[in-house]
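*Asks:* Sequence order for the protein chains is A and B.
For what it's worth, our numbering labels the leading residue of the first sequence as 1, then goes sequentially.
For what it's worth, our numbering labels the leading residue of the second sequence as 1, then goes sequentially.
We put the beta carbon where it would ideally sit given N, CA and C, even for glycine.
I'd like to ask some things about the structure below.
Protein chains: 2
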Amino acid sequence: MTKNNASLRSLEVCFSPALIHLHDISDSIVVVIDVLRATSSICVAFANGVKSIVPVATIEESHSYKAKGYLVGAERNGEMLDGYDLGNSPFSYLDPRVKDRDIALTTTNGTQAIAASSGAYQIAIGSFLNLDCLCDWLKDQNKNVLLLCSGWKNSFNLEDTILAGAIAEQLEPHYEMNGMCDAVIAAMHLYSLAKPDLNTFLDKSSHRKRLERLQIDKDVEYCLTPNLAPVVPVMVNGVLVKFVA
Amino acid sequence: MTKNNASLRSLEVCFSPALIHLHDISDSIVVVIDVLRATSSICVAFANGVKSIVPVATIEESHSYKAKGYLVGAERNGEMLDGYDLGNSPFSYLDPRVKDRDIALTTTNGTQAIAASSGAYQIAIGSFLNLDCLCDWLKDQNKNVLLLCSGWKNSFNLEDTILAGAIAEQLEPHYEMNGMCDAVIAAMHLYSLAKPDLNTFLDKSSHRKRLERLQIDKDVEYCLTPNLAPVVPVMVNGVLVKFVA
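Written out as structure tokens, the structure reads:
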């Protein structure tokens, strides 16, 4: 695939679910990004044999799934909620007991961003953990791509932006970037600054500070490590499953 | 003023008027930024002796001001509208005939961002043309500051972001930045990349391309030149006037 025959496809970045209405996503793959930690955990789950994940927007909604035999994961403001099976740490999803299970998951930002993408041609899940594998898959799809940063409660955040930049860096040679959206340019610049040491680059960021208070440094380090979970979770009929070619 | 006695004041950046509801602006000075070209032109106008500017959101609203003897400026999608006295080019406002006049102005992005800031403690106008003077004034005010990028039809844009970064660079030593908002960090990083040559940095940006098609390179070059119009326009009772100490 060269740039010349790719002129009709677009690559865009959106910094907040609250701005997604500015993009026509009906013919786009929306890649939902919530590096710390929802989309990272979703990738780990599928790499570890989870059968399906239903993203649910509210805690109330998750209760009905418990009764149906689902494992239920719930996080608000960075913390696992009492009485649930799983939180939002990628390490929860390395537990062998998740293999072949169906999971219902609700989080502060990630599952809200998935809900905001409901009009998309297709929804896929992005994290550093599935970076190369996701980019290869996106190149194969030959579609418009919107990289949606979940942010923190609809505000811009750095960790999702630098992943968007990392994905854009791989896709850019395959897309027509003349007059490309400024958010793509900004994300790529920020990733170029972050790339030598992602952890140090994010040291001053707000969500990093928030998670520091929760003492989950190991989660952060894990979530910033590329290609530990080489799977592409996609949404099929409202349920996330692992893409199988 | 040192960091030690400034811990209660905040410095934030907002990348779109459509996200301003995420910030409590009731006790903040909102600096509205629309580098290409509304807020640049507003600074030029006041440096050139304009008495007042009424920002109006709609073209219809601007008509009533014409009847009252105002000069009327109107721009949509980068172009001056037929039948109006002024467009959105800073050079329009260098005309000696604007001296001592009252102006009503409506633009695609800038005047919309001013309207979105209506709940602020105070509204001020920012551009590269008044950079140092604005920063000195902000330091004197001893208030929370939100730098609001007008963007392009609510989407993120680069030129407003790098100005936000330039302002943040000057204010940062005077604010408590522990856990500061990620948008401030991103804007400062992008400005650090842009600083050696703003024009070249923005060459690939989307609005720069839009204006290139309109052949207004001179406008862009002028708008990116620091400190040509050392005034601080502020909103008083719904009308922009030059701040006088």
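#1: Have a look at A/ARG9, A/SER16 and A/PRO230 and flag the residue whose alpha-carbon is nearest the alpha-carbon of A/ALA115.
#2: Under 8 angstroms Cβ-Cβ, which residues of chain A neighbour B/SER155?
#3: Since B/CYS14 sits in a beta bridge, which residues does DSSP pair it with?
#4: Is the distance from the Cβ of A/ALA168 to the Cβ of A/CYS149 below 8 angstroms?
#5: Determine the direct distance from the alpha carbon of B/VAL35 to that of B/ILE162, and round the result to whole angstroms.
#6: Nearest-angstrom Cα distance between A/LEU228 and A/ALA166?
#7: In the stretch 132-155 of chain A, which residues sit with their C-beta less than 9 angstroms from some C-beta in chain B, listed in chain order?
#8: Could you name the residues of the same chain whose beta carbon sits closer than 6 angstroms to that of B/GLU110, not counting the 5 residues immediately before and after it, in chain order?
#9: If you pair each beta-carbon of the stretch 94-101 of chain B with each one of the stretch 124-140 of chain B, do three or more pairs fall below 8 angstroms?
#10: Given a limit of 9 angstroms on CB to CB distance, which residues of the stretch 102-121 of chain A reach chain B?
#11: For the pair the stretch 199-206 of chain B and the stretch 69-89 of chain B, tell me if three or more CB-CB distances fall below 8 angstroms.
#12: Using a Cβ cut-off of 8 angstroms (strictly closer), state whether B/PHE128 contacts chain A.
#13: Alpha helix (DSSP H) containing B/SER62: first to last residue?
#14: Is it the case that the stretch 18-33 of chain B contacts the stretch 15-30 of chain A, given that we only count it when at least three CB pairs across the two stretches are under 8 angstroms?
#15: Taking all protein chains shown into account, decide if A/ASN130 is buried (16 or more other Cβ within 10 angstroms of its Cβ) or exposed.
#16: Which residues of chain A have a Cβ atom closer than 8 angstroms to the Cβ of B/ALA186, listed in chain order?
#17: Put B/SER52 into one of helix, strand or coil per three-state DSSP.
#18: Compute the beta-carbon to beta-carbon distance between A/SER26 and A/VAL145, rounded to the nearest angstrom, for a pair I have assumed lies under 8 angstroms.
#19: So for A/ALA229, helix, strand or coil by DSSP?
#20: For A/SER16, go through chain B and note every residue whose CB falls closer than 7 angstroms to its CB, in chain order.
#21: Could you tell me whether any Cβ in chain A is nearer than 8 angstroms to the Cβ of B/SER36?
#22: Count the C-beta pairs between the stretch 49-61 of chain B and the stretch 42-51 of chain A that are closer than 8 angstroms, then say yes if the count reaches three, no if not.
#23: What's the gap between the Cα of A/THR2 and the Cα of A/CYS181?
#24: Given that A/LYS204 touches chain B, what residues does it touch there, using C-beta distances under 7 angstroms?
#25: Does any residue of chain A have a CB that is nearer than 8 angstroms to the CB of B/LEU193?
#26: With a threshold of 16 other CB atoms inside 10 Å of the CB of A/GLU12, please say whether the residue is buried or exposed.
#27: Ignoring anything shorter than 3 residues or poking outside the stretch 100-186 of chain B, list the beta strand (DSSP E) runs there in chain order.
#28: Please return the same chain residues whose Cβ sits closer than 7 angstroms to the Cβ of A/LEU224, not counting the five positions on each side in sequence.
#29: If I'm right that A/TYR93 touches A/SER41 with Cβ under 8 angstroms, what's the distance once you round it to whole angstroms?
#30: How is the alpha helix (DSSP H) around B/SER92 delimited, first residue to last?
#31: Drop a sphere of 10 angstroms on the beta-carbon of A/THR107, count the other beta-carbons inside from all chains shown, and report buried for 16 or more, exposed for fewer.
#32: Would you mind reading off the limits of the beta strand (DSSP E) that contains A/SER28?
#33: Where does A/ASP160 land, buried or exposed, given buried means 16+ other C-beta within 10 angstroms?
#34: Around the C-beta of A/GLY69, are 16 or more other C-beta atoms found within 10 angstroms, so that it is buried, or is it exposed?
*Replies:* This is what the structure gives:
#1: Residue 115 of chain A sits at position 115 when you count from the first residue of the first sequence. The shortest C-alpha separation from A/ALA115 is found at A/SER16.
#2: Stepping through the second sequence from its first residue, residue 155 of chain B is reached at position 155. Chain A residues near B/SER155: LEU19, LEU22, CYS181, ASP182 and ALA183.
#3: Stepping through the second sequence from its first residue, residue 14 of chain B is reached at position 14. B/LEU148.
#4: Along the first sequence, one-based indexing puts residue 168 of chain A at 168. Along the first sequence, one-based indexing puts residue 149 of chain A at 149. No, the Cβ-Cβ distance between A/ALA168 and A/CYS149 is not below 8 angstroms.
#5: As a first step, residue 162 of chain B is located in the second sequence; it is residue number 162 there, counting from the start. As a first step, residue 35 of chain B is located in the second sequence; it is residue number 35 there, counting from the start. Approximately 10 angstroms, taken between the alpha carbons.
#6: On the first sequence, residue 228 of chain A is found 228 positions in, with the first residue counted as 1. On the first sequence, residue 166 of chain A is found 166 positions in, with the first residue counted as 1. Rounded to the nearest angstrom, the two C-alpha atoms are 16 angstroms apart.
#7: GLY151, TRP152, LYS153, ASN154 and SER155
#8: Taking the second sequence and counting its residues from 1, the one referred to as residue 110 of chain B is at position 110. The amino acid at residue 110 of chain B is misidentified as Glu; the sequence shows Gly. These residues qualify, in order along the chain: ASP34, ALA38, THR39 and SER150.
#9: no
#10: none
#11: no
#12: Counting from one through the second sequence, the residue named residue 128 of chain B turns up at place 128. For B/PHE128, the answer is no, since every Cβ of chain A falls outside 8 angstroms of its Cβ.
#13: Reading the second sequence from its first residue, position 62 is the one you call residue 62 of chain B. Taken as a continuous stretch (DSSP letters only), the alpha helix (DSSP H) holding B/SER62 covers 59-67.
#14: yes
#15: Taking the first residue of the first sequence as position 1, residue 130 of chain A is located at position 130. Buried: at least 16 other Cβ atoms inside 10 Å.
#16: Start at 1 with the first residue of the second sequence, and residue 186 of chain B comes out as number 186. Those are PHE156, LEU158, THR161, ALA186 and LEU190, listed as they occur along chain A.
#17: Taking the second sequence and counting its residues from 1, the one referred to as residue 52 of chain B is at position 52. Of the three classes helix, strand and coil, the one that applies to B/SER52 here is strand, per DSSP.
#18: As a position in the first sequence, residue 26 of chain A is number 26, starting the count at 1. As a position in the first sequence, residue 145 of chain A is number 145, starting the count at 1. Not a contact, Cβ separation roughly 14 angstroms.
#19: In the first sequence, residue 229 of chain A corresponds to position 229, counting from 1. A/ALA229: coil per DSSP, three-state reduction.
#20: Taking the first residue of the first sequence as 1, we reach residue 16 of chain A at position 16. Those are LEU19, listed as they occur along chain B.
#21: As a first step, residue 36 of chain B must be located in the second sequence, where it is residue number 36. As written in the sequence, residue 36 of chain B is Leu, which differs from the Ser given in the question. Closer than 8 angstroms: no.
#22: no
#23: To locate residue 2 of chain A, count along the first sequence from 1; it is residue 2. To locate residue 181 of chain A, count along the first sequence from 1; it is residue 181. At A/THR2 the pLDDT is 42, less than 50, meaning the model places this residue with poor confidence; the figure from the coordinates comes in the next sentence. Roughly 20 angstroms separates the two Cα atoms.
#24: Position 204 of the first sequence, counting from 1, holds the residue named residue 204 of chain A. Residues of chain B passing the Cβ test: ILE185.
#25: Looking up residue 193 of chain B in the second sequence gives position 193. Yes, B/LEU193 counts as interfacial toward chain A.
#26: Here residue 12 of chain A refers to the residue found at position 12 of the first sequence. That one is buried.
#27: 102-106, 122-126 and 144-149
#28: Residue numbering aside, residue 224 of chain A sits at position 224 when the first sequence is read from its first letter. Only PHE128, LEU198 and ASN199 meet the Cβ criterion.
#29: On the first sequence, residue 93 of chain A is found 93 positions in, with the first residue counted as 1. On the first sequence, residue 41 of chain A is found 41 positions in, with the first residue counted as 1. Their Cβ separation, rounded to whole angstroms, is 5 angstroms, which keeps A/TYR93 and A/SER41 in contact under 8 angstroms.
#30: Taking the second sequence and counting its residues from 1, the one referred to as residue 92 of chain B is at position 92. Premise fails: B/SER92 is in no alpha helix (DSSP H) and is neither H nor E.
#31: On the first sequence, residue 107 of chain A is found 107 positions in, with the first residue counted as 1. It counts as buried.
#32: The residue you call residue 28 of chain A lines up with position 28 of the first sequence. Here the beta strand (DSSP E) through A/SER28 covers 28-33.
#33: Within the first sequence, the letter at position 160 stands for residue 160 of chain A. The residue in question, A/ASP160, is buried, as its Cβ has 16 or more Cβ neighbours within 10 Å.
#34: Taking the first residue of the first sequence as position 1, residue 69 of chain A is located at position 69. Exposed, since its Cβ has fewer than 16 Cβ neighbours within 10 Å.
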